[in-house]
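Before any comments, here is the structure.
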Amino acid sequence: MSNKVLMKGNEAIGEAAIIAGCTHYFAYPITPQNEIPAYMARRLPEIGGTFLQAESELAAINMVFGASAAGTRVMTSSSSPGVSLKQEGISYLAGAQLPAVVVNMMRGGPGLGNIAGSQGDYWQATRGGGNGDYRTIVLGPANVQELADLTVKAFDLADRYRMVVMILGDGFLGQMSEALELPRPSGEHFEKPWALTGAAGRKHNVIASLRLTPEGELERHNLKLMEIYRQVEEHERMWEADRCDDADFVLVAYGTSSRISRAAVNILRKKGIKAGLFRPISLYPFPYGELKEAARGAKQVLAVEMSAGQMQEDVRLSVEGAVPVDGYFRLGGAIPETDEIVRKVESYGK
Amino acid sequence: MESKGAGYEVIYKRPEAMTDAKTIYCPGCGHGIIHKLLAESIDELGVREETILIAPVGCSVLAYNYIDVDGCEAAHGRAPAVATGIKRVHPDKMVISYQGDGDLLAIGTAETIHAANRGENITVIFVNNAIYGMTGGQMAPTTMVGQVTKTTPFGRDANDVGFPIRACEMINTLECPVFIERVSVFDVKQIVKAKKAIKKALTNQKEGKGYSFVEVLSMCPTNWGVKPQVAADWVRDVMVPYYPLGNFRDR
Ligand SMILES: Cc1ncc(C[n+]2csc(CCOP(=O)(O)OP(=O)(O)O)c2C)c(N)n1
Ligand code: SF4
Numbered sequence: 001m002s003n004k005v006l007m008k009g010n011e012a013i014g015e016a017a018i019i020a021g022c023t024h025y026f027a028y029p030i031t032p033q034n035e036i037p038a039y040m041a042r043r044l045p046e047i048g049g050t051f052l053q054a055e056s057e058l059a060a061i062n063m064v065f066g067a068s069a070a071g072t073r074v075m076t077s078s079s080s081p082g083v084s085l086k087q088e089g090i091s092y093l094a095g096a097q098l099p100a101v102v103v104n105m106m107r108g109g110p111g112l113g114n115i116a117g118s119q120g121d122y123w124q125a126t127r128g129g130g131n132g133d134y135r136t137i138v139l140g141p142a143n144v145q146e147l148a149d150l151t152v153k154a155f156d157l158a159d160r161y162r163m164v165v166m167i168l169g170d171g172f173l174g175q176m177s178e179a180l181e182l183p184r185p186s187g188e189h190f191e192k193p194w195a196l197t198g199a200a201g202r203k204h205n206v207i208a209s210l211r212l213t214p215e216g217e218l219e220r221h222n223l224k225l226m227e228i229y230r231q232v233e234e235h236e237r238m239w240e241a242d243r244c245d246d247a248d249f250v251l252v253a254y255g256t257s258s259r260i261s262r263a264a265v266n267i268l269r270k271k272g273i274k275a276g277l278f279r280p281i282s283l284y285p286f287p288y289g290e291l292k293e294a295a296r297g298a299k300q301v302l303a304v305e306m307s308a309g310q311m312q313e314d315v316r317l318s319v320e321g322a323v324p325v326d327g328y329f330r331l332g333g334a335i336p337e338t339d340e341i342v343r344k345v346e347s348y349g350k
Numbered sequence: 001m002e003s004k005g006a007g008y009e010v011i012y013k014r015p016e017a018m019t020d021a022k023t024i025y026c027p028g029c030g031h032g033i034i035h036k037l038l039a040e041s042i043d044e045l046g047v048r049e050e051t052i053l054i055a056p057v058g059c060s061v062l063a064y065n066y067i068d069v070d071g072c073e074a075a076h077g078r079a080p081a082v083a084t085g086i087k088r089v090h091p092d093k094m095v096i097s098y099q100g101d102g103d104l105l106a107i108g109t110a111e112t113i114h115a116a117n118r119g120e121n122i123t124v125i126f127v128n129n130a131i132y133g134m135t136g137g138q139m140a141p142t143t144m145v146g147q148v149t150k151t152t153p154f155g156r157d158a159n160d161v162g163f164p165i166r167a168c169e170m171i172n173t174l175e176c177p178v179f180i181e182r183v184s185v186f187d188v189k190q191i192v193k194a195k196k197a198i199k200k201a202l203t204n205q206k207e208g209k210g211y212s213f214v215e216v217l218s219m220c221p222t223n224w225g226v227k228p229q230v231a232a233d234w235v236r237d238v239m240v241p242y243y244p245l246g247n248f249r250d251r
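Line by line, the protein sequences give chains A and B. 1 is the number of the first residue of the first sequence in this note's numbering; add one for each residue after it. 1 is the number of the first residue of the second sequence in this note's numbering; add one for each residue after it.
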């Protein structure tokens with residue numbers, strides 16, 4: 001017997017966070033993710049947790065900073081312009097090695113843009129939109145089940161590496177309803193001896209990103225962070241390769257654009273054209289080696305994105321010039337068209 | 001009282017809640033005095049092991065090196081939001097946000113007003129020295145009209161940049177705060193009063209009463225470009241008339 005429920009993507013994130021043990025949630029409303037704060041406002045009090053609507057995204061992410069420093073599991077969510085404001089806090093969280101889960105249901109930009117789904121924040125998410133040398137783990141779910149599963153996983157990753165994990169979805173994913181099996185908590189427990197709980201019976205703890213003295217301390221701290229990121233890159237790559245083994249044409253896409261790309265691959269296969277889909281699930285760490293392997297022997301790689309080729313740069317880095325890379329991009333909240341993708345792939349044959 | 005040597009009694013010593021570290025504050029700076037008042041209050045209330053102090057951006061950014069309690073940094077201006085996050089996780093702990101005027105009234109005005117407006121059960125110590133100390137003496141929201149700073153080389157012109165903001169009066173318009181008081185540390189009598197207010201603000205939190213705000217008019221002799229005693233007199237003669245000392249609310 002299956003215990004499937006029908007849920008909207010944004011609500012699935014909220015429920016998954018609670019399943020993962022998230023007790024605190026702070027955010028400021030922005031479309032198209034408003035179902036998350038609404039859901040958390042209803043659900044968190046039921047489990048004795050705290051929902052608080054902050055006065056701004058700046059305040060929200062800094063409340064997250066405080067709650068994380070205090071040792072609890074905490075989440076915030078927003079959409080593109082709001083995530084831009086959160087970058088200050090994300091950089092501070094990185095500097096202070098604090099775990100947190102940040103959801104970005106991307107919308108069209110730059111600026112106020114529009115409220116349609118987009119993938120225009122890929123660079124900001126994977127390269128870090130705040131100051132300094134830091135990384136955040138970035139997960140790119142493609143359906144409601146994954147929104148939930150990856151949210152649960154995000155809390156574990158955040159605690160394991162003491163870093164920010166971002167769920168990078170988009171407005172379309174957040175708004176769609178699909179059947180999902182509610183995930184289970186992993187049950188993994190993380191000790192937090194560094195947390196601020198009052199210095200009873202121990203030396204006082206300090207949570208800070210400032211490292212003024214002595215000479216070279218900040219560089220040593222940065223190098224320590226780089227070592228953690230290397231571990232993340234080694235152990236946390238996630239991807240899906242669908243019909244890539246014999247593919248002449250490898251489409252690369254994540255999130256919503258991967259769903260459309262898969263439909264295009266189905267059509268192409270019916271027409272006898274050997275197409276495959278490579279879907280990075282972790283966008284940082286990007287599965288460079290796996291994509292290179294999947295594209296080995298292909299004639300053409302095609303990045304399909306709802307941005308102007310931001311992920312394409314990682315695709316190029318993956319294949320290292322071994323296979324030509326092209327892109328099909330729709331911007332500003334527009335959705336890639338299956339037919340267009342099919343036609344584009346067919347055009348390479350000519 | 002612990003006794004030391006025949007016939008002598010120690011009646012004054014370093015608070016337990018202060019580490020042995022030497023502070024980096026300039027001679028005549030108010031921060032050191034205010035730190036000590038805070039540490040004494042923590043000792044007297046017996047809350048050293050349940051206090052979390054937020055060191056903001058500004059000269060007091062290293063406060064956690066001096067005050068021997070769990071310490072948390074906050075980005076410039078965001079201390080009230082960080083305090084909110086901590087307090088919502090640990091409602092039974094003592095959470096203190098210690099902020100300068102640039103921090104509290106410029107970049108962090110929104111966080112200041114909203115934490116007060118929510119009535120967070122925290123204590124905010126606001127050190128008003130009428131200037132940005134750490135960055136080398138630029139205009140603060142509290143810089144006096146006519147006061148010369150690095151960014152008001154001809155004196156603060158109210159027609160151009162407005163009048164100095166009175167924090168206590170502004171917070172006093174909100175419903176939730178339970179305690180609002182302005183004190184100073186320009187002489188011993190004022191220091192004693194400041195101590196009382198700080199201790200009261202912490203006691204309120206311990207008793208779960210709600211948001212308490214203590215503004216301390218303080219000296220920055222270095223960036224004011226005057227000797228410590230002149231700085232203390234300037235607080236008394238120039239700042240106090242504009243920022244009246246006293247209690248605004250005690251519920
Ligand atoms: C986002 C950001 N902007 C600017 C600064 C630079 N900065 C550091 S301290 C400071 C002013 C601090 O003044 P105040 O809060 O009055 O504290 P004081 O040093 O006088 O005690 C500024 C502008 C910063 N650290 N972060
Ligand atoms: S610059 Fe001013 S506020 Fe900073 S330590 Fe020196 S006197 Fe104090």
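For glycine and all other residues, C-beta sits at the position ideal for the given N, C-alpha and C.
query	result
Could you check which residue in Y254(A), S347(A), M106(A) has the C-alpha nearest to that of S78(A)?	M106(A)
Whole angstroms is fine: what's the gap from L147(A)'s alpha carbon to P99(A)'s?	19 Å
On a CA-only basis, which of A70(A), R135(A), K292(A), L85(A) is nearest L223(A)? Give me that one, please.	R135(A)
Residue range of the alpha helix (DSSP H) that G221(B) falls in?	The sequence shown places Pro at residue 221(B), rather than the Gly named in the question. Looking at the DSSP string, the run of the alpha helix (DSSP H) that includes P221(B) is 221 to 224.
Can you tell me whether V152(A) is helix, strand or coil according to DSSP?	helix
Which term fits G7(B), buried or exposed, when burial requires 16 or more other beta carbons within 10 angstroms of its beta carbon?	exposed
Is the closest heavy atom of ligand 1 to the C-beta of I67(B) under 7 Å?	no
Residues of chain B with CB under 9 Å from F278(A), in chain order?	What F278(A) touches in chain B: nothing, since even the nearest Cβ is about 39 Å away.
Quick check: the Cα distance between V315(A) and R279(A), rounded to an integer number of angstroms?	11 Å
R251(B): buried (16+ other C-beta within 10 angstroms of its C-beta) or exposed?	exposed
Please report the residue range of the alpha helix (DSSP H) in which G9(A) lies.	9 to 19
Taking all protein chains shown into account, decide if T152(B) is buried (16 or more other Cβ within 10 angstroms of its Cβ) or exposed.	buried
I want to see whether chain B comes within less than 8 Å of F190(A), judged by CB atoms only; does it?	no
Relative to the C-alpha of T173(B), which candidate in C26(B), I11(B), H114(B) has its C-alpha closest?	H114(B)
What separation, rounded to the nearest whole angstrom, lies between the Cα atoms of I131(B) and A125(A)?	37 Å
Can V216(B) and G102(B) be called in contact, C-beta distance under 8 Å?	no
Any beta carbon from chain B within less than 8 Å of A54(A)'s own beta carbon?	yes
Can you tell me whether M1(B) is buried or exposed? The criterion is at least 16 other CB atoms within 10 Å of its CB, across all chains shown.	Its pLDDT being 47, under 50, M1(B) is placed unreliably in this model, and the value from its coordinates should be taken loosely. Its Cβ having fewer than 16 others within 10 Å, M1(B) is exposed.
Which residues in chain A sit within 7 Å of I52(B), going by Cβ to Cβ distance?	L196, G198
Can you tell me which of F186(B), V188(B), V127(B) puts its alpha carbon nearest to the alpha carbon of R166(B)?	V127(B)
Verify the contact flag: N62(A), CB atom, against every heavy atom of ligand 1, threshold strictly below 7 Å.	no
Along chain B, which residues have their Cβ under 8 Å away from the Cβ of I18(A)?	Per Cβ cutoff of 8 Å: no residues; I18(A) is ~16 Å from chain B at best.
Let's test the definition: count the other Cβ atoms within 10 Å of the Cβ of M226(A) and tell me whether it reaches 16, buried, or not, exposed.	exposed
Leaving out the 5 sequence neighbours to the left and right, which residues in its chain are closer than 6 Å to L291(A) when beta-carbon positions are compared?	F278, S318
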